[in-house]
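Participant: What follows is a single structure, and I will ask about it in a moment.
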Amino acid sequence: MVIRGQPWRLGILLGLLPLLVTGCGQGPDSATEAVPGLEGRYQSIGQGMGATLTLANEKKGYTLSDRGTFLARRSGLGLVVLVAGDPLLRNHYGVIAVNPERHPKVNSGLALEFIRYLTSRDTQEMIGGYALGGEVLFHPDSADWKAGRSSYRPPETPTSGRERLVLATTTSTADSGLLAQILPFFERAHHAEALVIAVGTGQAIALGRNGDADVILVHARDLEDRFVAEGYGVNRQDVMYNDFVVLGPEDDPAGIAGMTDAAAAFRRIARAGVTFISRGDGSGTHSREMTIWERAGIEPVPRERRFTLSG
Amino acid sequence: MAAIEILWQALVQALHSLFTGAPVVREIVSLSLRVSGLALLLTTAIGIPAGAWLGLHRFGESLVARLGRRLFIAFLYTGMGFPPVVVGLLVYLMLSRTGPVGWLGWLYSPQAIVIAQTIIAFPVVAGFTMAAVTGVNPELRQQLRSLGATNWQATITIIKEARFGVTVAVIAGFGSIISEVGAAMMVGGNITGHTRVLTTGIVELTRMGLFADAMALGIVLLSITLVINLMMQQLQGRALD
Numbered sequence: 020m021v022i023r024g025q026p027w028r029l030g031i032l033l034g035l036l037p038l039l040v041t042g043c044g045q046g047p048d049s050a051t052e053a054v055p056g057l058e059g060r061y062q063s064i065g066q067g068m069g070a071t072l073t074l075a076n077e078k079k080g081y082t083l084s085d086r087g088t089f090l091a092r093r094s095g096l097g098l099v100v101l102v103a104g105d106p107l108l109r110n111h112y113g114v115i116a117v118n119p120e121r122h123p124k125v126n127s128g129l130a131l132e133f134i135r136y137l138t139s140r141d142t143q144e145m146i147g148g149y150a151l152g153g154e155v156l157f158h159p160d161s162a163d164w165k166a167g168r169s170s171y172r173p174p175e176t177p178t179s180g181r182e183r184l185v186l187a188t189t190t191s192t193a194d195s196g197l198l199a200q201i202l203p204f205f206e207r208a209h210h211a212e213a214l215v216i217a218v219g220t221g222q223a224i225a226l227g228r229n230g231d232a233d234v235i236l237v238h239a240r241d242l243e244d245r246f247v248a249e250g251y252g253v254n255r256q257d258v259m260y261n262d263f264v265v266l267g268p269e270d271d272p273a274g275i276a277g278m279t280d281a282a283a284a285f286r287r288i289a290r291a292g293v294t295f296i297s298r299g300d301g302s303g304t305h306s307r308e309m310t311i312w313e314r315a316g317i318e319p320v321p322r323e324r325r326f327t328l329s330g
Numbered sequence: 153m154a155a156i157e158i159l160w161q162a163l164v165q166a167l168h169s170l171f172t173g174a175p176v177v178r179e180i181v182s183l184s185l186r187v188s189g190l191a192l193l194l195t196t197a198i199g200i201p202a203g204a205w206l207g208l209h210r211f212g213e214s215l216v217a218r219l220g221r222r223l224f225i226a227f228l229y230t231g232m233g234f235p236p237v238v239v240g241l242l243v244y245l246m247l248s249r250t251g252p253v254g255w256l257g258w259l260y261s262p263q264a265i266v267i268a269q270t271i272i273a274f275p276v277v278a279g280f281t282m283a284a285v286t287g288v289n290p291e292l293r294q295q296l297r298s299l300g301a302t303n304w305q306a307t308i309t310i311i312k313e314a315r316f317g318v319t320v321a322v323i324a325g326f327g328s329i330i331s332e333v334g335a336a337m338m339v340g341g342n343i344t345g346h347t348r349v350l351t352t353g354i355v356e357l358t359r360m361g362l363f364a365d366a367m368a369l370g371i372v373l374l375s376i377t378l379v380i381n382l383m384m385q386q387l388q389g390r391a392l393d
């Protein structure tokens, strides 16, 4: 099938094919190199909690999840809670308004109202009473709640036009159904529409940084503090906490069931040479997982192999 | 950081990582090329003959035969716009541990991405090939046959005659494959150093809020596609000049 008169054109294509098939660099096999103990069984996927649970289930691997998302997804999964109750596994959520001095176009007034609403006693009671499959997911934690302060009253004169509040938050608050429970009252009281963007904590904070969200509800304290310290956020408040759980296959080849020390359980997982699925997406869950590995004295991904271009 | 600064930083970052061959980037580029190249080879091998056959063969002159052919082509055209995530979902259900071919153990492997991408690109390649060979003057075939060419030889000659359109078919197929993200994410799993390709890497960096890095990878993807399309253009001959 030589193209008449121009056989060299076909030659170029034929020369291109091996390049396509073999690629230009080294193969991916070199990527999962030996990490002491984990030896390539540590898999970072850069996806949300739902996808991570699906993947861990298919691969019969271990993973770290927030309890709410796990409960919402539990049916159809062969994963069980193996480790819970370590203080290191407590997961605090904070709410932060985006600083209007940085981004004059954000709806700062409504954002501050939302924070007042979220931390008020009525809402906190609603949060504490929200259950999925008979299990309470979130525990109230705001300053107002702890001080037993009175309930939230919206301003007497709501704004005339229909306002919009862009809330960037984590998948856990949206997927668990909590926001659907507590937002309608706020929307009615303020004649407003709350647009929920459910992403990882990393992206939620980036959205706030770029002024694309009015308020963020996330869970990664050190990232939150940096967000405020750099002048992007104002009025950070504690909202609630839930807990992370270490999940694994029912037969538990690493033998961590019932342990209460997360770091020790991670060490055992690493030694057992079983698969561990990491979200690896810069989310609050991922950042907590990293803290636990650090506490366990294990570096699952060497610094030079972390997935950023800028470092 | 302002959005414009992100773009500028991305450009710098992209050039930097292309020329220094940062291992992370090299690995993703390499996997993307191998996966999409293999899927393109498979889909070309199936799609061009299928498209040529559909374009040149008639199933008879009866009403049923003609309607059946039209319906089949309508399915093919629909397939050209089939959402990749739906293909991904189908492939996932097939390859899942509880699926019919779960025993292969191919879920979350490069093979799974190749399968999904082949299915996605097939209607594109077959559809464009069909259109291209249909555009060739039908008298050519009769002439070739009367000159003593076998059916097979005549078909090959017609495909060669239609090479301009057939190359567009392959280029369009490659475009749909290399830019595809939903299925690659779903059946590949975007595992570091194993199944992370350019598009899923872009999604991952975006989720992490690393917009400049994500855009840099996008620029890398565009550059590669451009170079490969320039190469494939060689097949079209001088018609473009």
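Residue numbers (our numbering), protein chains in the order written: chain S, 20 to 330; chain D, 153 to 393. From the three backbone atoms N, C-alpha and C, an ideal C-beta is built for every residue, glycine too.
1) What's the gap between the Cα of S/Val332 and the Cα of S/Gly252?
2) Does the beta-carbon of S/Trp312 have 16 or more other beta-carbons within 10 angstroms, so that it is buried, or is it exposed?
3) What's the call for D/Trp255, buried or exposed, on a 16-neighbour Cβ count within 10 Å?
4) Hey, is D/Glu356's beta-carbon within less than 9 angstroms of any beta-carbon in chain S?
5) Please identify, using Cβ separations under 9 angstroms, the residues of the region 328 to 357 of chain D that lie next to chain S, in order along the chain.
6) Whole angstroms are fine: how far does the CA of S/Phe295 sit from the CA of S/Ala53?
7) Mind listing the chain D neighbours of S/Asp300? Cutoff is C-beta to C-beta under 7 angstroms, in chain order.
8) Below 8 angstroms on the Cβ atoms is my guess for S/Val114 versus S/Val258; work out the distance and round it to an integer in Å.
9) Looking at D/Val320: is its Cβ nearer than 9 angstroms to the Cβ of D/Ile200?
10) Quick check: the region 275 to 292 of chain S against the region 118 to 129 of chain S, are there 3 or more CB pairs under 8 angstroms?
11) Rounded to whole angstroms, what's the CA-CA distance from D/Ile267 to D/Val243? Just pull it up for me.
12) Please report how far the alpha carbon of S/Leu151 lies from the alpha carbon of S/Gly196, in whole angstroms.
13) First and last residue of the alpha helix (DSSP H) that includes S/Glu132?
14) What are the start and end residues of each continuous beta strand (DSSP E) run of 3 or more residues lying completely inside the region 244 to 325 of chain S, in chain order?
15) Relative to the C-alpha of S/Ser139, which residue among S/Leu131, S/Gln200, S/Asp163 is closest?
16) Determine the chain D residues that contact S/Gly221 at a beta-carbon separation under 9 angstroms, and present them in chain order.
17) Taking D/Ser248 as the query, report the chain S residues whose CB atoms sit under 8 angstroms from its CB, ordered along the chain.
18) Taking 7 angstroms as the limit between beta carbons, can you name the residues of its chain near S/Cys43, skipping five residues before and five after?
19) In terms of DSSP beta bridges, what is S/Leu186 paired with?
20) Return the chain-ordered list of same chain residues with a C-beta closer than 7 angstroms to the C-beta of S/Arg135, the five sequence neighbours on each side being excluded.
21) Assuming S/Asn118 and S/Gly97 form a contact by the criterion Cβ under 8 angstroms, report the distance between their Cβ atoms to the nearest whole angstrom.
22) Taking all protein chains shown into account, do 16 or more other C-beta atoms lie within 10 angstroms of the C-beta of S/Pro159, making it buried, or fewer, making it exposed?
23) How is the alpha helix (DSSP H) around S/Asp163 delimited, first residue to last?
24) Whose C-alpha, out of D/Ile371, D/Ile198, D/Gln386, D/Gly389, is nearest the C-alpha of D/Ser169?
25) Measure the beta-carbon distance from S/Leu214 to S/Val185 and round it to whole angstroms, keeping in mind my assumption that it falls under 8 angstroms.
26) Measure the C-alpha to C-alpha separation of D/Met360 and S/Arg181 and round it to an integer number of angstroms.
Facilitator: Quick look at the numbers:
1) The question about residue 332 of chain S has no answer here: the residues shown for chain S are numbered 20 through 330.
2) Position 293 of the first sequence, counting from 1, holds the residue named residue 312 of chain S. That one is buried.
3) Mapped onto the second sequence, residue 255 of chain D falls at position 103. D/Trp255 comes out exposed.
4) Along the second sequence, read from residue 1 onward, the residue named residue 356 of chain D stands at position 204. It does; some Cβ of chain S falls within 9 angstroms.
5) Met337, Met338, Gly341, Asn342, Ile343, Thr344, Gly345, His346, Thr347, Arg348, Thr352, Gly353, Val355, Glu356, Leu357
6) Translated into positions along the first sequence, residue 53 of chain S becomes position 34. Translated into positions along the first sequence, residue 295 of chain S becomes position 276. Model confidence at S/Ala53 stands at a pLDDT of 39, short of 50, so the residue's coordinates are unreliable; what they give is reported in the following sentence. Whole-angstrom Cα-Cα distance: 14 angstroms.
7) The residue given as residue 300 of chain S occupies position 281 in the first sequence. By Cβ distance, chain D contributes Glu356, Arg359, Met360.
8) In the first sequence, the residue the question calls residue 114 of chain S occupies position 95. In the first sequence, the residue the question calls residue 258 of chain S occupies position 239. About 5 angstroms separates the two Cβ atoms, so the contact holds.
9) Counting from one through the second sequence, the residue named residue 320 of chain D turns up at place 168. Counting from one through the second sequence, the residue named residue 200 of chain D turns up at place 48. Not a contact, by the Cβ cut-off of 9 angstroms.
10) no
11) The sequence position of residue 267 of chain D within the second sequence is 115, counting from 1. The sequence position of residue 243 of chain D within the second sequence is 91, counting from 1. C-alpha separation (whole angstroms): 8 angstroms.
12) Sequence index remark: in the first sequence, residue 151 of chain S carries index 132 (1-based). Sequence index remark: in the first sequence, residue 196 of chain S carries index 177 (1-based). Going by the C-alpha atoms only, they are around 9 angstroms apart.
13) The residue labelled residue 132 of chain S in the question sits at position 113 within the first sequence. Note, S/Glu132: alpha helix (DSSP H), 127 to 138.
14) 252 to 268, 295 to 297
15) Indexing the first sequence from 1 puts residue 139 of chain S at position 120. When each option's Cα is compared against that of S/Ser139, the closest is S/Asp163.
16) Taking the first sequence and counting its residues from 1, one reaches residue 221 of chain S at position 202. By Cβ distance, chain D contributes Arg359, Met360, Gly361, Leu362.
17) Translated into the one-based positions of the second sequence, residue 248 of chain D becomes position 96. The contacting residues are Glu77.
18) Position 24 of the first sequence, counted from the start, is the residue given in the question as residue 43 of chain S. Low local confidence applies: a pLDDT of 40 at S/Cys43 is under 50, so the model's placement there is unreliable, and no value is given.
19) To locate residue 186 of chain S, count along the first sequence from 1; it is residue 167. For S/Leu186, which the question treats as bridged, DSSP gives the partners S/Val215, S/Val234.
20) In the first sequence, residue 135 of chain S corresponds to position 116, counting from 1. Closer than 7 angstroms at Cβ, skipping near neighbours: Tyr171.
21) By one-based count along the first sequence, residue 118 of chain S stands at place 99. By one-based count along the first sequence, residue 97 of chain S stands at place 78. Between S/Gly97 and S/Asn118 the Cβ distance is about 45 angstroms, and since that is not below 8 angstroms, they are no contact.
22) The sequence position of residue 159 of chain S within the first sequence is 140, counting from 1. Buried.
23) Reading the first sequence from its first residue, position 144 is the one you call residue 163 of chain S. Note, S/Asp163: alpha helix (DSSP H), 162 to 166.
24) Within the second sequence, the letter at position 17 stands for residue 169 of chain D. Looking at the Cα atoms, D/Ile371 is the closest of the given residues.
25) Start at 1 with the first residue of the first sequence, and residue 214 of chain S comes out as number 195. Start at 1 with the first residue of the first sequence, and residue 185 of chain S comes out as number 166. 5 angstroms between Cβ atoms; contact.
26) The residue you call residue 360 of chain D lines up with position 208 of the second sequence. The residue you call residue 181 of chain S lines up with position 162 of the first sequence. Approximately 32 angstroms, taken between the alpha carbons.
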